[in-house]
Amino acid sequence: MADRKPKNRIFWIIAIAIALMLLLFAVLQFKARSYIENFLSQKIPDHIHLTYSQIHVNLISGSVGLTDVGLDFLDEDSNCRKAGMRLDAIDIKGVGYYQALFGNTISVREIQLLRPKGEYYQGGHQVEKDGISASDSAKERTLSIAQLSVVDGEFRIFGKDPDTLVFSMENLNLSLENLKMDKEIVERIIPFAYGDYDLSTGMVYADLGPFEALTLSGTTITNKELQLSNLSLKSKYNKITLSRKLDKEHDYIDLEIPEVVMTNMDFGFNAERFFLNTKSVVLQYPKMEIYRDKLVQDDYEQKKLYSRMLRELPIDLNVSEVKVNDGYISYSELVKSGTVPGEIVFADLGATISNVSNTQESGEKTEIKAVAQLMGEAPIELTWNFDANKENDAFFVSGVVTNFKSKSINQFLRSNLRTEAEGDVQELYFTVSGDAISSTGDMKMNYEDFRFTVLKKDRMGVNKLLTFVGNIFTNDGSKTDESGYRYGEIYSERDNTKSFFNYLWLNVMDGIVNTLTGDGKKE
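This note's numbering numbers the first residue of the sequence shown as 1 and each following residue consecutively.
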């Protein structure tokens, strides 16, 4: 019996010690839970409302979990709800309790946001709010998160009318590493610092104004490479409906790009100015249709040339190279009611644009080189450069067209100029130097049996008198130099209510007319 008493004592001592440890753990667990609940109810800024159905705390693993979470963000100067979020769960793992309780840093290994659905209202909504304020000590803390994950999220932005969708993003998945916030970082435009990140989305929609919208079927960012799938920028209305809604000229547009890839991408803020740098942007198989109804009143707003657009961008942009692979562009105009719109087509379009930048020093030019099949059959090459730093918007363009059959463009000539053409252009070369006011250049052509037919106003018959007079002054291509060329000069003044391509078209047309009707000699 004497031997059993010490054993019983040891047993009870161990049992009591374990019970005390369990009790102590339960008390600490309860205290930790109470501390977190108190923090969530008392230390969150008064413009943020938080609700949840359950909270789970595990001291051993250092984890905290909230389920059925609701967040509302209020305008600090009113009771308006500016944004909100609903989540299935928030899981916080690897909380550094010691640093949180006795230090100045809240350290977390991982935060996971499960199926968040976020909304932002540009107009705001009136709601009640409680008088909860953040303590000064909370503002002084540093937050360090090794990894932040968003799983299957959604986000929407609504306009001033809460029924108007401005932006939406589905199936958002984000992994953000080494996130940090402190009293200095939080004052920046992006209020946190971060390391590597991965992002992917499903469908993305963006309202671009009263007439166009942009959609993407998917977005992926990995290792500073951005990939956009099935980018589509389209008018919201068909051509007829759009014209009825316009009080001045505005193009109908239908652009589809199956794939856009951007490599070595970097972005952020220098002071308060956003910057975007990337080594390469590749557009795969873009297809664009542009239609203009010339029966709608002209838009007399001044148009900027591309050099000025680049120079006056509200961001710092530096793109080393843009490549367009196997593109297609069609442009058509309706000039007279009841007629078929004239159309110009550029098929098999390939282009390289170098140094798209507004951060380079003067002298660093943007260079564009493009090739295509004019009307799907005549090879055309275009070289174009400008310096975005030049205030006069100086530019240089040269082009080559070969094996062009003029009848292929008759639909456009018939609709837009009330003319038809006959004859083949074996070679056409032009160069143009200009600025935002005027331009000069030269042209040479090798062509055969060229004739113009001028149509009546209703385009239903031939104006024989004007056709006869016009062809008196038009050389058919028989009077050339020993190399088979005729030469012409170019001069044009810019209409600043029109685009650069209208400006280029005026130069080319002036050169063609001068070559066809002049003496054809090289100056």
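The beta carbon of each residue, even a glycine, is placed where N, CA and C say it ideally should be.
Keep in mind that this is a model prediction, so the values were computed, not measured.
Review point. Can you name the residues that DSSP bridges to Leu349?
Key: In the sequence shown, counting from the first residue as 1, residue 349 sits at position 349. Paired residue(s): Gly327.
Check your understanding: Taking the DSSP output, what are the residues bridged to Gln302?
Key -> Indexing the sequence shown from 1 puts residue 302 at position 302. Gln302 pairs with nothing; no bridge assigned.
**Study point:** Closest Cα partner of Ser235 within the set Met288, Leu283 and Val324
**Key:** As a first step, residue 235 is located in the sequence shown; it is residue number 235 there, counting from the start. Selected option, being the one with the closest Cα: Met288.
Review point. Beta carbon of Ser438: closer than 7 Å to some heavy atom of the ligand GDP?
Key: Annotation note on the ligand GDP: not contained in the displayed structure, which lists no ligands.
Point to revise | Rounded separation between Tyr503 and Thr440 - CA only | key: Against the sequence shown, residue 503 aligns to sequence position 503. Against the sequence shown, residue 440 aligns to sequence position 440. The alpha-carbon atoms of Tyr503 and Thr440 are separated by roughly 12 Å.
**Study point:** Those residues which DSSP pairs with His49 across a bridge
**Key:** In the sequence shown, residue 49 corresponds to position 49, counting from 1. Paired residues: Asp72.
Review point. When you compare only the Cα positions, how much space is there between Gln284 and Asn325?
Key: In the sequence shown, counting from the first residue as 1, residue 284 sits at position 284. In the sequence shown, counting from the first residue as 1, residue 325 sits at position 325. Roughly 5 Å between the two C-alpha positions.
Practice item. Could you pull the start and end residues of the alpha helix (DSSP H) that Asn502 belongs to? Key: Your numbering for residue 502 matches position 502 in the sequence shown. Asn502 -> alpha helix (DSSP H) spans Phe500 to Thr517.
Exercise for review: Quick one: residues in its chain with C-beta nearer than 6 Å to the C-beta of Glu119, no 5 flanking neighbours on either side, listed in chain order?
Suggested key: To locate residue 119, count along the sequence shown from 1; it is residue 119. Correct list, in chain order: Gly84 and Arg156.
Review point. Going by alpha carbons, who is nearest to Gln112 out of Gly123, Asn104 and Ile90?
Key: In the sequence shown, counting from the first residue as 1, residue 112 sits at position 112. Residue Ile90 is the option with its Cα nearest to Gln112.
Check your understanding: Leaving out the 5 sequence neighbours to the left and right, which residues in its chain are closer than 6 Å to Ile512 when beta-carbon positions are compared?
Key -> For the purposes of this step, residue 512 is taken as the residue at position 512 of the sequence shown. Closer than 6 Å at the Cβ level, and outside the excluded window around Ile512, lies no residue.
Practice item. Using the Cα positions of Asp266 and Asp88, report the straight-line distance between them to the nearest angstrom. Key: Here the question's residue 266 lines up with position 266 in the sequence shown. Here the question's residue 88 lines up with position 88 in the sequence shown. Cα to Cα, Asp266 sits roughly 33 Å from Asp88.
Practice item. Decide if Gly153 is buried, meaning its Cβ has at least 16 other Cβ atoms within 10 Å, or exposed. Key: For the purposes of this step, residue 153 is identified with residue 153 of the sequence shown, where counting begins at 1. Its Cβ being crowded by 16 or more others within 10 Å, Gly153 is buried.
Review point. Is the Cβ of Arg311 closer than 8 Å to any Cβ of chain E?
Key: Although the question refers to chain E, the structure presented lacks it and comprises just one protein chain.
Review point. From Gly399 to Trp505, what distance separates their C-alpha atoms?
Key: For the purposes of this step, residue 399 is taken as residue 399 along the sequence shown, with counting starting at 1. For the purposes of this step, residue 505 is taken as residue 505 along the sequence shown, with counting starting at 1. Looking at the two C-alpha atoms, the distance is approximately 12 Å.
Review point. Cβ atoms of Glu321 and Ile368: under 8 Å apart, would you say?
Key: Reading the sequence shown from its first residue, position 368 is the one you call residue 368. Reading the sequence shown from its first residue, position 321 is the one you call residue 321. Contact: no.
Point to revise | Beta-carbon gap between Val401 and Ala378 smaller than 8 Å | key: Residue numbering aside, residue 401 sits at position 401 when the sequence shown is read from its first letter. Residue numbering aside, residue 378 sits at position 378 when the sequence shown is read from its first letter. Yes, Cβ-Cβ distance for Val401 and Ala378 is below 8 Å.
**Study point:** Rounded Cβ spacing between Ile253 and Glu212 (contact assumed at less than 8 Å)
**Key:** The residue you call residue 253 lines up with position 253 of the sequence shown. The residue you call residue 212 lines up with position 212 of the sequence shown. Correct: roughly 7 Å between the Cβ atoms.
Practice item. Less than 8 Å between the CB atoms is what I'm expecting for Val282 and Val319, so what's the real figure, rounded? Key: Reading the sequence shown from its first residue, position 282 is the one you call residue 282. Reading the sequence shown from its first residue, position 319 is the one you call residue 319. Actually they are not in contact, since the Cβ atoms of Val282 and Val319 sit about 11 Å apart, beyond 8 Å.
Check your understanding: Cα-Cα, which of Asp519, Ala436, Arg486 and Ile240 is closest to Thr497?
Key -> By one-based count along the sequence shown, residue 497 stands at place 497. Closest by alpha carbon: Ala436.
Point to revise | Phe386 beta carbon less than 8 Å from that of Phe395 | key: Sequence index remark: in the sequence shown, residue 395 carries index 395 (1-based). Sequence index remark: in the sequence shown, residue 386 carries index 386 (1-based). Yes. Within cutoff.
Check your understanding: For the candidate residues Leu74, Leu276 and Leu428, whose alpha-carbon lies nearest to that of Gly528?
Key -> Any property of residue 528 remains undetermined from this structure, which presents the chain solely from 1 to 523.
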